[in-house]
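Below is one structure, written out as structure tokens; the observations come after it.
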Amino acid sequence: MSDESKVASERETDRWPDIPGDTAFTIKIPEADPLVRAGFPAHVTVLYPFVHESRIDAPVHRELSGLFAKHDAFALTFAESGRYPGVLYLDPRPHDPVKALTEDLTLRWPEVVPYRGLFGAGLDPHLTVANHEGPATQDAAYDAMQAELAPLLPLRCHVHAVQLIVWDGERWQDRARYPLARRPASPLSERF
């Protein structure tokens, strides 16, 4: 097998097993879009995958609206980067609000397994910055990217909603937006 064939084969096996109609919940982080080199908008995944799009009818939309409305809007701060094999990411803090959303979804739909079980119980919340480097080049490339990112951090953003996205066979498309609850304003809390 030629080197080109090996690289093409590795790319094919690295692909997620997405099929048209797959869905996921994400938190858009447009403030981080200029930092992302991964070929998709900046986001933190709440749950991937969710149920097939064909199962999301009006009653399910209403149930999802109610589920998300029970969670307060929150802020995330991205102050540090980290790595998974082949992935450079920003670490959103605190993790708890994102994990609580995931937990409520998986309690209601227990057949849904985060990341199809590829990572055991799942991954901690993260914002993928880059995922295009292989084992031979990732250390040098990601070291350089981390040095470039460091002066741009911390990045703070407010989360007001969760986005339902659907894989159409070529790319992920926005389908629905579910607002989170607004916290009552107080002199000691930050307004959202």
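Residue numbers for the sequence shown follow the UniProt record's numbering, so the first one is 1 and each next one is one higher.
The beta-carbon is built from N, C-alpha and C at its ideal position, and this holds for glycine as well.
Remember, predicted model here, so these are calculated numbers, not experimental data.
**Reference W167; option with closest CA among Y48, E31, I27 and P85** = Y48
Contact set for R62: own chain, Cβ-Cβ below 7 Å, skip 5 residues either direction:
none
Point to revise | Identity of the residues DSSP links to I27 by a beta bridge | key: V44
Taking buried to mean at least 16 other C-beta atoms within 10 Å of its own C-beta, is Q138 buried or exposed?
buried
Subject >> Assumed close pair V112, V44 - CB separation to whole angstroms, cut-off 8 Å >> reply: Rounded, the Cβ-Cβ distance is 17 Å, inconsistent with contact.
Classification of P114 by the beta-carbon crowding that lies within 10 angstroms, buried from 16 upward: buried
- request: Check the DSSP bridge columns for S81 and list the partner residues they point to.
  value: L90
Q.
Classify I19: buried if its beta carbon has 16 or more other beta carbons within 10 angstroms, exposed otherwise.
A. exposed
Check: So what does DSSP say about T137, is it helix, strand or coil?
Finding: coil
**Asked** What is the DSSP secondary structure of D124, counted as helix, strand or coil?
**Response** coil
Notebook entry, point to check: Among all the DSSP beta bridges, which residues are the ones paired with P178?
Noted result: Strictly speaking, residue 178 in this sequence is Tyr, with Pro absent from that position. DSSP output for Y178 lists V162 as bridge partner(s).
Go ahead and pull the three-state DSSP assignment for V129. strand
Is H126 buried or exposed, if buried means 16 or more other CB atoms sit within 10 Å of its CB? buried
(Q) Could you check whether R182 and Q163 sit closer than 8 Å to each other, using their CB atoms as the reference points? (A) no
task: List the residues that DSSP assigns as beta-bridge partners of R156.
output: T77
Alpha helix (DSSP H) containing residue 203: first to last residue?
Limits of the chain in this structure are 1 at one end and 192 at the other, which puts residue 203 out of reach.
Own chain partners of I29 with C-beta closer than 7 Å, once the 5 adjacent residues on each side are dropped: Here the set comprises A42, H43, V44, L127 and C157.
query = What did DSSP end up calling D72 once you bin it into helix, strand or coil?
reply = It is a strand residue.
inquiry  = Using CA atoms only, rank isn't needed, just tell me which of T106, H132, G134 and V129 is closest to A121.
reply    = T106
| said: Can you give me the C-alpha to C-alpha distance between L152 and D143, rounded to a whole angstrom? | reply: 15 Å
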